[in-house]
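Per this note's numbering, the sequence shown runs over residues 283 to 767.
Have a look at the structure below, then the notes.
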Amino acid sequence: MRISAGGGDIPITPSTASTQQAGAEFDVEIIVGPAAKPVSNLYGVSFELGYSTTYIDYVSYDMSSSFLGSDLLEFVTPDDPHGKVAVGLTRKGLSTGVNSYGSVIKIRFKSLRSTPANTQISFAIQNTTANDPNGNPIGLAFGSATITITSGITVWPGDTNNDRIVNQADVLPLGVHWNKTGPRRTCHANETQWIGHTVSPWTPEAATYADGNGDGIVNQADVLVIGLNWGKTHTMAKTSDENEPSGVIAGTLIPKLSFNAERKEVYLDIQAESLADLFGLAFELNYPPQDLAFTLAEAGDLFSQDLIFFYKDDPGLGKMGIGISRKMGQKATAEKGSVARITFRLSTGERSLENAGVKIEGVKANDAQGKPIHIQAQACSNPVWTDIAAAPVTQYQLFTNYPNPFNPTTTISYALPAETHVCLHVFDLTGRLVRTLVDAVQQPSMHSVTWDARDDAGKEVANGMYIYRMTAGDHVLHQKMILAK
């Protein structure tokens with residue numbers, strides 16, 4: 283940004299980034315005074331912000347960060363055809379002005395997508411007046427600024443939905459644009475570095491942001507960048523308008539809690555009901571870290587097995603971000619079922635289970651076209667707890683092994699509501715049968731079996747992930763476990 287100022291005591295100057303992308307919205311802040319020379323006893327100010335109109339349009343204004351205060355009399359009148367915005371701001375009902383410097387107002391503009399590369403746009407303050415609480419004039423020097431509009435769009439690695447923060451919601455665009463390709467990023471040596479990367483837009487443009495690592499394809503490697511830049515934010519304006527879901531509710535998330543008193547484990551099963559075309563889902567789970575310690579998160583059975591499942595836990599704050607999505611080419615679902623299962627260890631302190639409530643917040647969801655849909659979450663502040671070891675068995679269940687990871691033994695528990703022939707097998711990740719733990723008719727009840735990390739020949743197996751699968755009548759359930767010697 284190139285700045286100039288006229289005569290006077292204290293400058294009033296438009297300020298924004300020196301370059302902006304064609305088609306992007308951006309803020310122009312009106313700054314009064316430098317830090318070294320703050321304005322004294324400022325009660326009101328008025329001015330006109332002039333600008334060249336060929337390639338930009340006025341959008342809105344924001345007073346939330348004005349140093350004049352929050353209870354102001356505001357007069358903001360845009361005149362886009364003539365390229366100016368008239369602004370009048372004054373405190374009211376107060377006997378004192380402010381002694382400060384900084385932003386008095388933010389004015390938002392949008393450049394046209396058709397703006398030629400390297401087009402320069404000028405902003406200039408004119409017709410300025412200011413006064414103290416007694417109406418005495420305060421001298422302000424007018425200022426101006428020039429920015430350059432560049433072609434292409436700016437991508438921040440990991441912010442795949444371009445909402446200015448990297449979190450669980452960034453999993454959703456990966457599923458919508460899975461395996462789409464476009465130009466690689468070549469503007470920086472490190473394409474995952476947390477800086478704005480200017481790139482040529484893909485078709486559709488939204489897929490450009492989904493390519494988190496800049497290698498020219500949207501795939502599993504882009505999940506890694508979400509984890510790498512988790513929680514980071516930027517202030518670049520979005521290149522499209524906010525995309526919010528309609529008010530029509532397209533489903534409900536219902537948290538259901540159970541526990542095993544003997545093992546001191548708490549199980550949270552997040553169920554989805556009344557769905558309409560759910561393709562991807564993201565939310566933040568809040569839990570009391572003084573009562574619960576996270577151990578495992580798994581995708582539920584609502585989505586297909588070929589999915590994107592990502593979670594990030596912050597045990598210090600008791601927050602977990604979870605993102606789940608199907609992949610492009612798959613259909614959305616309108617069925618009901620479990621979207622995620624989370625296992626916690628109950629702390630050994632004196633707190634009771636009644637204190638260990640959980641809350642689902644920040645739910646975002648989309649259909650197969652990437653359009654947002656409205657999924658609401660039920661509260662679980664006063665949960666009804668069920669001890670799965672003591673309660674009557676009403677459904678077939680296969681529980682997370684404990685401990686997990688384990689060395690050298692782990693216990694697998696399962697529930698049978700009726701007399702059933704049960705087969706419980708352990709497989710490696712290639713699908714090879716490693717061990718048969720159960721092959722018998724069993725009575726309705728809770729059952730447990732221990733695996734000693736040996737195969738059917740009695741040999742110790744290697745470190746790594748294994749799948750255990752229970753077949754009971756027409757029911758087939760499976761879970762994952764990790765051997766870590």
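Positions of the beta carbon are idealized from the N, C-alpha and C atoms, including for glycine.
Given the structure is predicted, the values throughout are model-derived calculations rather than measurements.
For residue 295, DSSP records a beta bridge to 313. For the 9 Å CB-CB criterion, residue 310 and residue 296 form a contact. Residue 368 and residue 398 have their C-alpha atoms some 28 Å from each other.
The continuous stretches of alpha helix (DSSP H) do not include residue 696, which lies in the beta strand (DSSP E) extending over residues 692-698. The criterion of a C-beta distance shorter than 9 Å is satisfied by residue 625 and residue 576.
The count of Cβ pairs closer than 8 Å, one atom from the segment 460-469 and one from the segment 420-427, stays below three, leaving the stretches out of contact. 541 is the residue among 541, 757, 512 whose C-alpha sits nearest the C-alpha of residue 573. Under the three-state reduction of DSSP, residue 579 is assigned to strand.
Straight across, the Cα-Cα distance linking residue 708 with residue 736 is about 10 Å. Taken through DSSP and simplified to helix, strand or coil, residue 491 comes out as helix.
Straight across, the Cα-Cα distance linking residue 317 with residue 384 is about 8 Å. Shown here for residue 556: same chain residues with a beta carbon closer than 6 Å to its own, the five before and five after excluded, namely 533, 534 in chain order. Under DSSP, residue 594 shares a beta bridge with 603. If the five residues before and after residue 454 are omitted, its C-beta is found closer than 7 Å to the C-beta atoms of 443, 562, 564, 605, 607, 646, 648, all from its own chain and listed in chain order. Shown here, residue 326 sits in a strand according to DSSP, grouped into three states. Per the C-alpha coordinates, the member of 433, 414, 406, 446 positioned closest to residue 427 is 406.
A Cβ-Cβ separation of about 16 Å leaves residue 304 out of contact with residue 485 under the 8 Å criterion. A contact is defined here as three or more CB-CB pairs under 8 Å, and the segment 689-706 meets this definition with respect to the segment 724-734. C-alpha of residue 551 to C-alpha of residue 622: approximately 6 Å in a straight line. By the criterion of at least three beta-carbon pairs nearer than 8 Å, the segment 331-341 is in contact with the segment 386-396.
Taking all protein chains shown into account, residue 658 has fewer than 16 neighbouring C-beta atoms within 10 Å of its C-beta and is therefore exposed.
The shortest C-alpha to C-alpha distance from residue 538 to any of 544, 732, 639, 610 is the one to 639. In the three-state reduction of the DSSP assignment, residue 364 falls in the helix class.
A straight-line Cα-Cα distance of about 13 Å links residue 739 and residue 733. Counting the other CB atoms within 10 Å of its CB gives residue 677 a total below 16, which places it among the exposed residues.
Spanning the alpha carbons of residue 490 and residue 496 requires a straight line of approximately 9 Å. Its Cα nearest to that of residue 531, the residue 660 stands out among 660, 351, 416. Beta-bridge analysis with DSSP links residue 568 to 601, 641. Counting C-beta atoms within 10 angstroms of its own C-beta, residue 712 has fewer than 16 neighbours from the protein chains shown and is therefore classed as exposed. If you look at residue 504, you'll find it in the alpha helix (DSSP H) that goes 503-510.
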